[in-house]
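Heads up: the structure comes next, in structure tokens.
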Amino acid sequence: MKNICEKCKVGKMAKYILQAKAPDGEYFAPRLMKKCKNCAYTIFVQKLPRVDHKIEGAVESY
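The opening position of the sequence shown corresponds to residue -2 in this note's numbering, with each subsequent residue numbered one higher.
Shown next, in the form of structure tokens:
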């Protein structure tokens, strides 16, 4: 199964978008990530097209 965590072999992987925010307030570099709901193991899936606004529902990193 593809959606089971590779590390703990128990938890399901949830997809989310991680979006960086520059010090000047610009948004950029959205990335599609997967995180295990059981052990918090996180993996990078793919880069998304660059945007200059916050994507609705995206998690911010600084």
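We treat Cβ as the ideally placed atom computed from N, Cα and C, and that holds for glycine. Since this is a predicted model, take the numbers as computed values, not measurements.
| Query | Result |
| --- | --- |
| Inter-residue spacing [alpha-carbon to alpha-carbon] between THR39 and LYS31 | 6 Å |
| Residue environment, GLN16, which counts as buried when at least 16 other CB atoms sit within 10 Å | buried |
| Inter-residue Cα distance where the pair is HIS50 and ALA19 | 12 Å |
| Residues near PRO46 by beta carbon distance below 8 Å, same chain, minus five either side | PRO27 |
| CA nearest to the CA of ILE85, picked from ILE14, ASP21 and PHE41 | Here the chain has residues from -2 to 59 only, and residue 85 is not among them. |
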